[in-house]
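Working notes, beginning with the structure itself.
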Amino acid sequence: MEKALIVIEEMTRVGIIKSYAIGGGIAATYYIEPVLTYDLDVFFIPVKEGLDELAPIYEFARNRGYSEEAEAILIEGFPVQFIPAYNDLVQEAVAEALVTRYHDVQVRILRPEYLTAIALQTGRAKDKERVVRLLESGTLDRDVLSRIVEKYGLTDRLRKLKDSEGNE
Amino acid sequence: MNKSAEQVFEKKRERRRQLAKLPFEKKIEIVVKLQRIAAEIHPDKSRRVWPI
Chain A
1 MEKALIVIEE
11 MTRVGIIKSY
21 AIGGGIAATY
31 YIEPVLTYDL
41 DVFFIPVKEG
51 LDELAPIYEF
61 ARNRGYSEEA
71 EAILIEGFPV
81 QFIPAYNDLV
91 QEAVAEALVT
101 RYHDVQVRIL
111 RPEYLTAIAL
121 QTGRAKDKER
131 VVRLLESGTL
141 DRDVLSRIVE
151 KYGLTDRLRK
161 LKDSEGNE
Chain B
169 MNKSAEQVFE
179 KKRERRRQLA
189 KLPFEKKIEI
199 VVKLQRIAAE
209 IHPDKSRRVW
219 PI
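These protein sequence lines map, in sequence, to chains A and B.
Under the working numbering, think of the first position of the first sequence as 1, with each following residue one higher.
Under the working numbering, think of the first position of the second sequence as 169, with each following residue one higher.
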């Protein structure tokens, strides 16, 4: 996975994307127990906002000989799904990402409070399950989470989920 | 909730907390093991086992 992460970092360095952060199942796995997932979800802030924010990424990938597979680009054998930061919450989450390492490679990962807020906002069954796991994990800063969910109008969703799970 | 059931659920939560403490690299290895197990049970070409 290191090679794929190096390529993603390089996209930022050479200006294909402005910034990025890993989200989805792999970001969740960073904070909770490992979960079955098949794609490396990469939320990114495009250099230029416009009609086709993915075009520079696909062009970069094609020039490197990477192929496309369904909605993903196969980078060094890893299906990487690039997702433009589609709203204010996701943009803030990418900007505030945790910078860490996988082996010796630098990687940006969504912080658990943002991962929780995005999952709340998305609201599918698997997202709700993820919120429950993150709440149980003890990795969340409750004050930070409260601020984020309030800012993005997600307080009721969080309260309902906690009520249904018997959490706090 | 029934006390015995609650004890079982608490043990499961504790197991998850222990898994959560593993290094990220080790967790990724486990993700790939899960992918391999899933592929054996239900082969699906659109779901690629990661090459690590």
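Cβ coordinates follow ideal geometry from the N, Cα and C atoms, glycine included.
*Could you tell me whether the Cβ atoms of A/Thr116 and A/Val131 are closer together than 7 Å?*
yes
*Classify A/Ser164 as buried or exposed, calling it buried when 16 or more other Cβ atoms lie within 10 Å of its own Cβ.*
exposed
*Take the Cβ of A/Tyr86 as the centre, count every other Cβ of all protein chains shown within 10 Å, and call the residue buried at 16 or more, exposed below.*
exposed
*Could you tell me whether the Cβ of B/Lys195 comes closer than 7 Å to any Cβ of chain A?*
yes
_Contact with chain B by A/Glu113, beta-carbon distance below 7 Å_ = no
*To which residues of the same chain is A/Gly23 closer than 6 Å at the C-beta, ignoring the five residues directly before and after it?*
Asp41, Phe43, Leu110
*asked:* Against chain B, does A/Glu51 count as a neighbour if the rule is that its beta carbon must be under 7 Å from one of theirs?
replied: In the sequence as displayed, the identity of residue 51 of chain A is Leu instead of Glu. So, not an interface residue.
_Can you list, in chain order, the residues of its chain with a C-beta nearer than 6 Å to that of A/Val7? Leave out the 5 residues immediately preceding and following it._
Ile75
*Taking DSSP as the reference, what is the three-state secondary structure of A/Ser67?*
strand
*Using a Cβ cut-off of 7 Å (strictly closer), state whether A/Phe78 contacts chain B.*
yes
*Short check: CB of A/Leu120 to CB of A/Arg157, under 7 Å?*
yes
*Establish whether the CB of A/Ser137 and some CB of chain B are separated by less than 7 Å.*
yes
_Quick check on the DSSP output: the alpha helix (DSSP H) that includes A/Val132 runs from which residue to which?_
Bounds of the alpha helix (DSSP H) holding A/Val132 are 125–137.
*Quick one: is A/Leu36 near chain B, going by C-beta distance under 7 Å?*
Yes, contact with chain B.
*Under three-state DSSP, which class holds A/Thr100?*
strand
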